[in-house]
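Trainee: Please read through the structure below; I'll follow up with questions.
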Amino acid sequence: MPPVPPGGTRRGLRHLPSSRALAQRGLAALEVALMLPVIAALLYVLVEGGNTIRAYSALTEASRAGARHVVMNDDVAGVQPFVRSLATTLDPNALTATAVKDTSKQMVTVTVKYAYKSVFTSNPYNGDPNDALYTFSASTSMPTP
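Heads up, the sequence shown is in this note's numbering, so the first residue is 56 and it goes up one at a time.
Structure below.
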């Protein structure tokens with residue numbers, strides 16, 4: 056039997072963590088360190104993907120409504136302000152809408168373009184505000200009466 060330490064008991068020594076417990080803590084820290092970049096990348100994809108789908112959906116709906124507006128009101132020149140008033144979730148300064156009325160085919164085509172800026176810029180340290188711009192385009196054609 057080992058001697059009793061001065062001022063203590065053998066029972067108090069049993070509560071010290073074993074080398075196996077310390078190794079388990081080290082493995083848990085390693086697992087967290089390895090999984091953290093994966094979780095961050097997954098979070099990035101979810102946020103950016105959701106925002107991209109939201110912007111493109113609003114753009115498509117604005118294109119359809121703009122085409123209906125031109126067909127119903129015969130207002131080719133007023134399509135830009137009309138589309139901007141509908142796409143309230145998008146930046147109106149980054150949105151352009153054009154309407155082309157083809158009388159030979161009796162068709163109206165409305166094209167809406169949007170300069171999409173990413174939620175996360177590709178390089179936040181270079182100071183370029185146009186660093187993460189992508190151009191989305193939605194086009195709708197409808198027959199004229």
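We put the beta carbon where it would ideally sit given N, CA and C, even for glycine. Quantities reported herein were computed from a predicted structural model and do not represent experimental measurements.
From the DSSP secondary-structure annotation, give me the bridge partner or partners of L150.
Mentor: The residue labelled residue 150 in the question sits at position 95 within the sequence shown. Beta-bridge pairing links L150 to Y169.
Trainee: Is it right to say T199 is buried, meaning 16 or more other beta carbons lie within 10 angstroms of its own, or is it exposed?
Mentor: If you number the sequence shown from 1, residue 199 lands on position 144. Classification of T199: exposed, given that the 10 Å Cβ count is below 16.
Trainee: Could you tell me which of T143, Y171 and S196 sits nearest to K22, measuring between CA atoms?
Mentor: With the chain represented from 56 up to 200, any question about residue 22 goes unanswered, as that position is not in the structure.
Trainee: Give a yes or no on contact between the region 122 to 137 and the region 148 to 155, applying the rule of three or more CB pairs nearer than 8 angstroms.
Mentor: Yes: at least three Cβ pairs fall under 8 angstroms.
Trainee: Quick one, are the C-beta atoms of K168 and S140 less than 7 angstroms apart?
Mentor: Position 113 of the sequence shown, counted from the start, is the residue given in the question as residue 168. Position 85 of the sequence shown, counted from the start, is the residue given in the question as residue 140. No.
Trainee: Which residues does DSSP pair with K156 in a beta bridge?
Mentor: Taking the first residue of the sequence shown as 1, we reach residue 156 at position 101. BP columns for K156 point to V163.
Trainee: Anyone know if the C-beta pair for V174 and A122 falls short of 7 angstroms?
Mentor: The residue you call residue 174 lines up with position 119 of the sequence shown. The residue you call residue 122 lines up with position 67 of the sequence shown. No, Cβ-Cβ distance for V174 and A122 is not below 7 angstroms.
Trainee: DSSP three-state call for R191: helix, strand or coil?
Mentor: Within the sequence shown, the letter at position 136 stands for residue 191. The displayed chain sequence assigns Phe, not Arg, to residue 191. Strand.
Trainee: May I have the straight-line CA-CA distance separating G67 from G81, to the nearest angstrom?
Mentor: In the sequence shown, the residue the question calls residue 67 occupies position 12. In the sequence shown, the residue the question calls residue 81 occupies position 26. For G67, the pLDDT reaches just 49, beneath the cut-off of 50, and the residue's location in the model is therefore unreliable, although a value from the coordinates is still provided. If you take the alpha carbons of G67 and G81, they lie about 24 angstroms apart.
Trainee: In three-state terms, what does DSSP make of P136?
Mentor: Residue mapping note: residue 136 aligns to position 81 of the sequence shown, counting from 1. Here P136 sits in helix by DSSP.
Trainee: Within the region 106 to 133, note down every full beta strand (DSSP E) run reaching 3 residues or more, in order along the chain.
Mentor: The region 106 to 133 contains no whole beta strand (DSSP E) run of 3 or more residues.
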